[in-house]
Amino acid sequence: MNNVIEARGLTKRYRRTVAVDNIDLQIPAGRIVGLIGPNGAGKTSALKAILGLATYEGDLNVLGKSPARDRAALMEEVCFIADVAVLPRWIRVWQLIELTEHIHPKFSREKCLQYLSSTKVTLDHRVKQLSKGMVAQLHLAIVMAIDVKLLVLDEPTLGLDILYRKQFYTNLLNDYFDEERTIVITTHQVEEVEHILSDLIFIKDGRIALDCSMDEVQESYIELMVAPDKAAAAREYGPLYERELFGRHIFLYENANREQLKALGELHTPSVADLFVATMNGGDS
Amino acid sequence: MNRLLALVKREFWENKGAFRTTPLVFAGVLLGAQVMFLITFNHFDNEFQSLKELLHFISTQDVALRSKVLYEINMSLSVLFAMILAFVVFFYLLGSLYDDRKDRSILFWKSLPASDTMTIGSKLLSAMVVAPLIFWVVYILTHILIMLLFSVVILTLGENPWTLLLSLGSPFKVWSLVLASWFAQAIWALPLYGWLMLVSSFAPRIPLLFAILPPVVLGVLELWIDFLKTFTVNDNLFGLFGKWFANSPLIMSADNHGDEFGVALGAPLTSEFDHAVTISNMLDRLFSSDMLINLVIAAIFLGAALWLRRRATES
Numbered sequence: 006m007n008n009v010i011e012a013r014g015l016t017k018r019y020r021r022t023v024a025v026d027n028i029d030l031q032i033p034a035g036r037i038v039g040l041i042g043p044n045g046a047g048k049t050s051a052l053k054a055i056l057g058l059a060t061y062e063g064d065l066n067v068l069g070k071s072p073a074r075d076r077a078a079l080m081e082e083v084c085f086i087a088d089v090a091v092l093p094r095w096i097r098v099w100q101l102i103e104l105t106e107h108i109h110p111k112f113s114r115e116k117c118l119q120y121l122s123s124t125k126v127t128l129d130h131r132v133k134q135l136s137k138g139m140v141a142q143l144h145l146a147i148v149m150a151i152d153v154k155l156l157v158l159d160e161p162t163l164g165l166d167i168l169y170r171k172q173f174y175t176n177l178l179n180d181y182f183d184e185e186r187t188i189v190i191t192t193h194q195v196e197e198v199e200h201i202l203s204d205l206i207f208i209k210d211g212r213i214a215l216d217c218s219m220d221e222v223q224e225s226y227i228e229l230m231v232a233p234d235k236a237a238a239a240r241e242y243g244p245l246y247e248r249e250l251f252g253r254h255i256f257l258y259e260n261a262n263r264e265q266l267k268a269l270g271e272l273h274t275p276s277v278a279d280l281f282v283a284t285m286n287g288g289d290s
Numbered sequence: 014m015n016r017l018l019a020l021v022k023r024e025f026w027e028n029k030g031a032f033r034t035t036p037l038v039f040a041g042v043l044l045g046a047q048v049m050f051l052i053t054f055n056h057f058d059n060e061f062q063s064l065k066e067l068l069h070f071i072s073t074q075d076v077a078l079r080s081k082v083l084y085e086i087n088m089s090l091s092v093l094f095a096m097i098l099a100f101v102v103f104f105y106l107l108g109s110l111y112d113d114r115k116d117r118s119i120l121f122w123k124s125l126p127a128s129d130t131m132t133i134g135s136k137l138l139s140a141m142v143v144a145p146l147i148f149w150v151v152y153i154l155t156h157i158l159i160m161l162l163f164s165v166v167i168l169t170l171g172e173n174p175w176t177l178l179l180s181l182g183s184p185f186k187v188w189s190l191v192l193a194s195w196f197a198q199a200i201w202a203l204p205l206y207g208w209l210m211l212v213s214s215f216a217p218r219i220p221l222l223f224a225i226l227p228p229v230v231l232g233v234l235e236l237w238i239d240f241l242k243t244f245t246v247n248d249n250l251f252g253l254f255g256k257w258f259a260n261s262p263l264i265m266s267a268d269n270h271g272d273e274f275g276v277a278l279g280a281p282l283t284s285e286f287d288h289a290v291t292i293s294n295m296l297d298r299l300f301s302s303d304m305l306i307n308l309v310i311a312a313i314f315l316g317a318a319l320w321l322r323r324r325a326t327e328s
């Protein structure tokens with residue numbers, strides 16, 4: 006069993022609504038998984054269950070531990086950034102580092118200081134004096150200096166400008182990720198993470214709508230762009246989704262015959278964003 | 014252990030203003046008041062009675078009596094600090110499990126491998142040990158500075174500060190008794206501390222209101238129902254609280270002990286315990302059946318606070 010996260014029948018109910026509905030999930034080590042879904046789809050509820058921050062029904066196993074029972078022990082192996090700006094505002098950077106050093110057995114002060122040296126954050130700053138982007142840099146520096154097996158990022162770049170967002174993911178990929186580690190990211194900004202993901206999980210209405218690797222996405226899905234007169238012919242092949250752009254029709258197919266489609270127009274690999282829109286809308290029609 | 018200490022340090026850093034600055038500012042105010050007193054006295058020297066005459070008069074009095082009076086004065090100084098400490102601890106505990114929920118930094122604290130039990134323990138430890146200890150140190154420093162101030166004044170007026178002030182009033186005994194009393198009070202107050210932490214862990218907003226309103230409403234209802242039934246007012250929540258307060262091991266008032274008058278533990282309105290300031294009287298309270306009930310109530314409140322803390326990130 007080298008799955009980092011294993012869920013069977015994971016369900017989370019609030020008083021009236023079912024936020025996570027009987028999900029089965031296996032996330033192996035060494036992957037960067039994008040957990041993507043519209044607002045209220047149950048992403049955060051699922052993550053909270055995984056991190057031991059909420060109760061749940063069903064079987065859930067994270068790094069061989071039960072999050073509901075062993076949150077403190079689990080947090081020695083798991084790091085998470087839940088949303089930007091959750092660092093306590095009163096704390097000074099040096100206090101934050103000292104605290105993490107004493108509480109987290111796998112924290113390396115040297116690494117953290119090294120990451121911080123490339124930012125404008127100083128040890129004497131209070132968190133409330135830092136800009137939103139600098140707080141995110143600080144939090145990332147702390148998290149990256151902790152040698153854990155699983156890193157969970159819930160909307161880590163929300164509200165940051167494009168420069169910080171790009172740098173955030175560059176740092177993560179270059180300085181942190183390796184084949185022993187697993188990263189789970191939820192975000193709305195799919196375009197930004199799609200090139201770093203190895204796996205995709207779409208969540209819709211508390212259920213998993215799609216669970217596959219990026220390689221499988223490239224193999225299984227194809228996008229076809231045709232002139233309006235070929236649209237009817239393209240529809241014959243049973244597209245998942247259809248949209249119009251600049252007077253051209255764009256169709257998305259799953260496991261289609263590429264040779265046949267090629268005759269009708271141009272073929273592309275779909276972006277994750279397009280696939281997401283198709284998956285989310287497709288189920289309703 | 015290392016983790017617990019780190020968490021306690023965190024509480025100190027976050028509450029430096031309340032734990033450290035407050036007693037220091039208060040000490041400054043007290044010292045300022047002493048200086049003002051001396052200047053005022055000196056200013057009206059010739060019209061009333063000079064400080065020199067007064068000192069001389071005092072020096073002719075019986076040593077045992079002088080020592081007794083100084084002992085009482087030394088101890089009363091601690092009452093002022095205890096009052097401020099009570100306020101500080103009250104509001105600290107009320108915010109202890111509320112502030113990080115409000116500003117969402119609880120998500121950061123929960124990402125650290127420290128259990129909720131340890132977190133609550135660190136906060137209780139800060140309220141019961143760290144805050145009293147800091148206040149105690151500041152109280153002693155204030156006391157020493159006041160003694161130095163008066164020694165200088167006594168010296169300039171040609172009297173001997175050692176025989177007149179420094180050798181009397183057993184300051185070391187006073188300091189030890191005060192510290193013991195404050196720690197005993199921290200244990201005695203556990204049900205209150207537990208209640209404040211429980212409120213702090215569930216109040217959606219304005220914890221102060223949630224801390225005070227339910228017991229007051231309950232107490233008033235009790236009084237009213239009691240009154241309707243028997244046309245008298247018997248034991249009720251207010252009475253219980255009053256009894257708890259009066260029986261507390263905290264040095265906070267004065268009383269007649271036999272034929273002497275002096276500082277007392279709690280408020281000398283009840284007769285279950287001896288109110289004279291001694292260690293054994295403090296221990297009497299801590300090993301009483303009342304304390305056992307206190308502990309049970311505290312355990313229920315703290316258990317509930319822990320249960321809520323575990324679920325604080327649910328929604």
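For the record, the sequence lines run as chains A and B. Quick note: the first sequence uses the working numbering, first residue 6, plus one each step. Quick note: the second sequence uses the working numbering, first residue 14, plus one each step. Backbone N, C-alpha and C define an ideal beta-carbon position, used for all residues, glycine too.
The three-state reading of DSSP puts residue 156 (chain B) in helix, counting H, G and I together.
Counting the other CB atoms within 10 Å of its CB gives residue 91 (chain B) a total of 16 or more, which places it among the buried residues. As the crow flies, the alpha-carbon of residue 313 (chain B) is around 11 Å from that of residue 210 (chain B).
The beta carbons of residue 107 (chain B) and residue 220 (chain B) sit about 5 Å from each other, so the pair counts as a contact at 8 Å. Cβ-Cβ separation between residue 126 (chain A) and residue 92 (chain A): approximately 11 Å, too far for a contact (criterion under 8 Å). Straight through space, the alpha carbons of residue 96 (chain B) and residue 259 (chain B) are spaced by roughly 15 Å. Contact fails between the region 104-124 of chain B and the region 271-290 of chain A, because fewer than three Cβ pairs, one in each stretch, are under 8 Å apart. With distances taken between CA atoms, residue 32 (chain A) lies nearest to A:216 out of A:104, A:210 and A:216. Inclusion of residue 55 (chain A) and residue 12 (chain A) in the CB contact set at 9 Å is warranted, their separation being smaller than that value. Residue contact with chain A for residue 20 (chain B): present (Cβ-Cβ distance below 9 Å to some residue of chain A). Residues of chain A with a Cβ closer than 8 Å to the Cβ of residue 324 (chain B) are, in chain order, 59 and 60.
Distance from the Cα of residue 191 (chain A) is smallest, within the candidate group A:17, A:21, A:19 and A:45, for A:45. Beta bridge pairing from DSSP links residue 187 (chain A) with A:155. Per DSSP, the beta-bridge partners of residue 267 (chain B) are B:276. Excluding five sequence positions before and after residue 188 (chain A), the CB atoms of its chain that fall closer than 6 Å to its own CB belong to 37 and 156, given in chain order.
Per the coordinates, the alpha-carbon of residue 180 (chain A) lies some 21 Å from the alpha-carbon of residue 166 (chain A). Cβ atoms of residue 88 (chain B) and residue 187 (chain B) come within 8 Å of each other, at about 5 Å. Here residue 233 (chain B) is exposed, its C-beta having fewer than 16 other C-beta atoms within 10 Å. In the displayed model, residue 194 (chain B) falls within a helix according to three-state DSSP. Straight-line measurement puts the Cα of residue 169 (chain A) at about 6 Å from the Cα of residue 138 (chain A). By the Cβ test, the region 237-244 of chain A is not in contact with the region 67-77 of chain A, since fewer than three Cβ pairs between them sit closer than 8 Å. Taking the beta carbon of residue 251 (chain A) as reference, no residue of chain B falls within 9 Å; the closest one sits roughly 43 Å away. Taking all protein chains in view, the Cβ of residue 83 (chain A) is crowded by 16 or more other Cβ atoms within 10 Å, so the residue is classified as buried. Residue 108 (chain A) belongs to the set of residues whose beta carbon lies under 9 Å from a beta carbon in chain B.
Annotated three-state conformation of residue 15 (chain B) is helix, per DSSP.
Residues 166 of the same chain have their beta carbon placed closer than 7 Å to that of residue 51 (chain B), with the five preceding and five following residues left out of the count. When DSSP states are grouped into helix, strand and coil, residue 216 (chain A) belongs to the strand group. Residue 298 (chain B) counts as buried, since at least 16 other C-beta atoms from the protein chains shown sit within 10 angstroms of its C-beta. Taking a Cβ-Cβ threshold of 8 Å, the residues of chain B close to residue 78 (chain A) are 126, in chain order. Excluding the 5 residues flanking it on each side, residue 121 (chain A) has same chain C-beta neighbours closer than 6 Å at 146, in chain order. The Cβ of residue 119 (chain B) sits closer than 9 Å to at least one Cβ of chain A. Contact holds between the region 35-47 of chain B and the region 144-164 of chain B, because three or more Cβ pairs, one in each stretch, are under 8 Å apart. Judged by DSSP secondary structure, residue 228 (chain A) falls within the beta strand (DSSP E) whose first and last residues are 226-231. By the neighbour-count criterion, in which a residue is buried when 16 or more other Cβ atoms sit within 10 angstroms of its Cβ, residue 29 (chain B) is exposed.
Put simply, of A:106, A:232, A:268 and A:113 the residue whose alpha carbon is nearest the alpha carbon of residue 19 (chain B) is A:106. Closest option to residue 204 (chain B), judged by alpha-carbon separation, among B:293, B:77 and B:315: B:315.
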